[in-house]
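Under full-length UniProt numbering, think of the first position of the sequence shown as 1, with each following residue one higher. Note that the Cβ used here is the ideal one computed from N, Cα and C, for glycine as well.
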Amino acid sequence: MSWKTTPEQNAIIEWQGNQLVVNAFAGTGKTTTLVQFAQANPDSKMLYLAYNRAIRDEAEQKFPFNVECKTSHQLAWSHFGRHFRHRLTANLRITDVARKLNTRHWPLARLALTGLNAFLCSAEPEPGIIHLPAEDERHGLSADKILGAVQVLWYEVSRTESDFPITHDVYLKLFQLSGPNLASQWDTILFDEAQDANPVTSAFVLSQPCRVVLVGDRYQQIYRFRGADNALSSSRLEQADRLWLTTSFRFGPEVAQMANVLLAMSGEEMKVTGSGEGDEVVTHLPADVPHFSVLSRTVSGVIGAALSASLQERKVFWVGGIEGYKTEELEDLYWFSADMPERMQSSRLGQDYRDFEEYCAIAKATQDVEMNQAIRLLDEYFPLPQKLAIMRRQVVTHEKDAQVTVSTAHRSKGLEWDIVVLNEDFCDITDPLLSAEERQDETNLLYVAVTRARKTLVLNELMLCMKAGEEQKDCEQPATDDVENDGGDVVFPC
Numbered sequence: 001m002s003w004k005t006t007p008e009q010n011a012i013i014e015w016q017g018n019q020l021v022v023n024a025f026a027g028t029g030k031t032t033t034l035v036q037f038a039q040a041n042p043d044s045k046m047l048y049l050a051y052n053r054a055i056r057d058e059a060e061q062k063f064p065f066n067v068e069c070k071t072s073h074q075l076a077w078s079h080f081g082r083h084f085r086h087r088l089t090a091n092l093r094i095t096d097v098a099r100k101l102n103t104r105h106w107p108l109a110r111l112a113l114t115g116l117n118a119f120l121c122s123a124e125p126e127p128g129i130i131h132l133p134a135e136d137e138r139h140g141l142s143a144d145k146i147l148g149a150v151q152v153l154w155y156e157v158s159r160t161e162s163d164f165p166i167t168h169d170v171y172l173k174l175f176q177l178s179g180p181n182l183a184s185q186w187d188t189i190l191f192d193e194a195q196d197a198n199p200v201t202s203a204f205v206l207s208q209p210c211r212v213v214l215v216g217d218r219y220q221q222i223y224r225f226r227g228a229d230n231a232l233s234s235s236r237l238e239q240a241d242r243l244w245l246t247t248s249f250r251f252g253p254e255v256a257q258m259a260n261v262l263l264a265m266s267g268e269e270m271k272v273t274g275s276g277e278g279d280e281v282v283t284h285l286p287a288d289v290p291h292f293s294v295l296s297r298t299v300s301g302v303i304g305a306a307l308s309a310s311l312q313e314r315k316v317f318w319v320g321g322i323e324g325y326k327t328e329e330l331e332d333l334y335w336f337s338a339d340m341p342e343r344m345q346s347s348r349l350g351q352d353y354r355d356f357e358e359y360c361a362i363a364k365a366t367q368d369v370e371m372n373q374a375i376r377l378l379d380e381y382f383p384l385p386q387k388l389a390i391m392r393r394q395v396v397t398h399e400k401d402a403q404v405t406v407s408t409a410h411r412s413k414g415l416e417w418d419i420v421v422l423n424e425d426f427c428d429i430t431d432p433l434l435s436a437e438e439r440q441d442e443t444n445l446l447y448v449a450v451t452r453a454r455k456t457l458v459l460n461e462l463m464l465c466m467k468a469g470e471e472q473k474d475c476e477q478p479a480t481d482d483v484e485n486d487g488g489d490v491v492f493p494c
């Protein structure tokens, strides 16, 4: 079956120039457009720079022979990453940082770790004041003291002879600082999801002398909290050509209307057009649907949705795998809090903390989101081990076998489902106490969640009020007949 391109897509496919920025709303076929652009330029050797491995793997099945698909970390691995293989860890633990700094001053350890992570994601050549948290978040510590601690950590993680653990961002930073010449291998770089690019990646991409095409949706920028930046608005692109993709093939006019409510709140005058048919926006999950997805703002929301579904004997698929939601660590924390270490699967908690009281004290002192979230879950889902056992029995590893899919809104990026339920744990974006940046970040995340729906979008109370244009005071009491606003338990029809 032939696929007819839109005039907007044709303009991109036929583009000739040095730098191009494509602003693509959700579901507008940006990858398909890039594939056709590559097919229209068969003599050009291209690098498709993917945001993550899943996107890269999918892209490899779509792009023609003249395109290599890689992630930024994959580019850096052969040059630097392989030398640190034995030291890699997903996240640096605050206890490891404190030991290296030889301190029990937990706020200092947390601030040093925050500063290091900010530097690793930045374009700067060395740690500086710019990478430190705001002055009112420094617990009275001087900038020099915190920066000195950051420099100690950077020295340790960047040394090949050190045994201090490192994250993947360390070797990516080293790759950027080496000044790689990508133009020696490729004529054109296709930079996807550029709205959420780390400055470290943007720095070496935008410094290349070859052609660069950046594609993204600034309203799907959801990783600024990790140091990501919107490369689409980089000062290096002042002379770039700019084109739009505004026709969504994912959903129809009803879902598009909800997306446009959020776009308008962000000050965007352009609107997304839904070209699909038969979509709907509802307030209750339709009865007897064979499958639906629940998207949550928080990990606790995901676990609550999974528990609710599991207790109704529904099979549940976890986007990214249940292991990514740290349920085993949560159960260990339960036994640690009950002073029953013999039931713990890992001894890490006992090694890192004297007891549960110290864990709670450190969580409070450092304001660590994951630690405090775990403490809340122990209270909300007591007795936890029994409920987790039921939940795990209902897990399926293939989504086709599931009746319910659960995910955070962050993990849902790039995915889509026929029926999407918005959980009640999203931030109230109408709250006047939010800063401008917080409001934009949370609005973007809600926009991502809303635009995952193909056919049916089940609104939460916040989006229902947004749709109706009600005042915030009318939104304070959510309906309790279909959703419990406790940050997790979505109540589904039996």
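Tell me which residues share the same chain as residue i and place their Cβ nearer than 8 angstroms to its Cβ, disregarding the 5 neighbours each side in the sequence.
| i | result |
| --- | --- |
| Asp241 | Trp15, Gly17, Gln19, Leu20, Val21 |
| Leu113 | Leu92, Ile94, Val97, Leu153 |
| Leu243 | Glu8, Ala11, Ile12, Trp15, Leu20, Val21, Val22, Asn23 |
| Ala123 | Gln176, Pro199, Val200, Ser202, Ala203 |
| Ala90 | Thr167 |
| Gln208 | Asn181, Leu182, Ala183, Ile189 |
| Leu415 | Val319, Ser407, Arg452 |
For residue i, which of helix, strand or coil comes out of DSSP?
| i | result |
| --- | --- |
| Glu399 | helix |
| Phe191 | strand |
| Thr273 | strand |
| Glu471 | Only weak support is given to the placement of Glu471: the predicted model assigns it a pLDDT of 38, under 50, and the value that follows is read from those uncertain coordinates. In the structure shown, Glu471 sits in coil (DSSP, three-state: anything other than H, G, I, E or B). |
| Gln16 | coil |
| residue 497 | The question about residue 497 has no answer, for the chain in this structure spans 1 to 494. |
| Glu280 | strand |
| Asp418 | strand |
| Phe292 | strand |
| Lys455 | strand |
| Ala197 | strand |
| Asp229 | strand |
| Phe382 | coil |
| Leu214 | strand |
| Phe317 | strand |
| Ile146 | helix |
| Cys360 | helix |
| Cys465 | helix |
| Gly252 | coil |
| Leu141 | coil |
| Phe204 | helix |
Quick one: Cα of residue i to Cα of residue j, how far?
| i | j | result |
| --- | --- | --- |
| Met258 | Asp217 | 16 angstroms |
| Thr160 | Thr201 | 22 angstroms |
| Glu156 | Ile94 | 15 angstroms |
| Ile375 | Ala203 | 39 angstroms |
| Ala365 | His131 | 21 angstroms |
| Gly227 | His73 | 16 angstroms |
| Ala409 | Glu442 | 10 angstroms |
| Glu357 | Ala149 | 27 angstroms |
| Met265 | Met466 | 10 angstroms |
| Leu378 | Asn423 | 20 angstroms |
| Ala306 | Pro180 | 44 angstroms |
| Leu283 | Val289 | Residue identity check: residue 283 is Thr in the sequence provided, not Leu. Going from the Cα of Thr283 to the Cα of Val289 covers about 15 angstroms. |
| Ser184 | Ser78 | 16 angstroms |
| Phe63 | Ser248 | 21 angstroms |
| Ala287 | Asn260 | 28 angstroms |
Could you please give me the residues that DSSP links to residue i through a beta bridge?
| i | result |
| --- | --- |
| Tyr48 | Cys69, Leu190 |
| Ala24 | Leu245 |
| Phe80 | Phe80 pairs with nothing; no bridge assigned. |
| Leu88 | Ile166 |
If you drop the 5 nearest sequence neighbours on each side, which residues of the same chain put their C-beta closer than 6 angstroms to that of residue i?
| i | result |
| --- | --- |
| Ser293 | Thr405, Trp417, Val420 |
| Ala197 | Ala231 |
| Tyr171 | Ala76, Phe80, Gly81, Phe84 |
| Gln472 | Because Gln472 carries a pLDDT of 46, less than 50, the predicted location of this residue cannot be relied on, and the following value inherits that uncertainty. The answer, listed in chain order, is Thr430. |
Is it buried or exposed, residue i, if we count other Cβ atoms within 10 angstroms and call 16 or more buried?
| i | result |
| --- | --- |
| Lys173 | buried |
| Asp229 | buried |
| Ile129 | exposed |
| Glu269 | exposed |
| Glu470 | Confidence in Glu470 is poor, its pLDDT being 38 and thus under 50, which makes the residue's placement unreliable; the coordinate value appears in the next sentence. It is exposed - the Cβ of Glu470 has fewer than 16 other Cβ atoms within 10 Å. |
| Asp169 | buried |
| Asn102 | exposed |
| Asp340 | Position check: residue 340 holds Met in this sequence, whereas Asp was assumed. Result: exposed. |
| Arg53 | exposed |
| Phe65 | exposed |
| Lys30 | buried |
Any Cβ of chain B within less than 8 angstroms of the Cβ of residue i?
| i | result |
| --- | --- |
| Arg218 | Absent here is chain B; the protein component of the structure consists of one chain. |
What residues in its chain sit with their C-beta under 7 angstroms from that of residue i, if we drop five residues either side in the sequence?
| i | result |
| --- | --- |
| Asn444 | Tyr219, Gln220, Gln221, Ile222 |
| Ser310 | Val316, Ile390, Met391, Gln394 |
| Glu193 | Tyr51, Gly216 |
| Cys360 | Ile375 |
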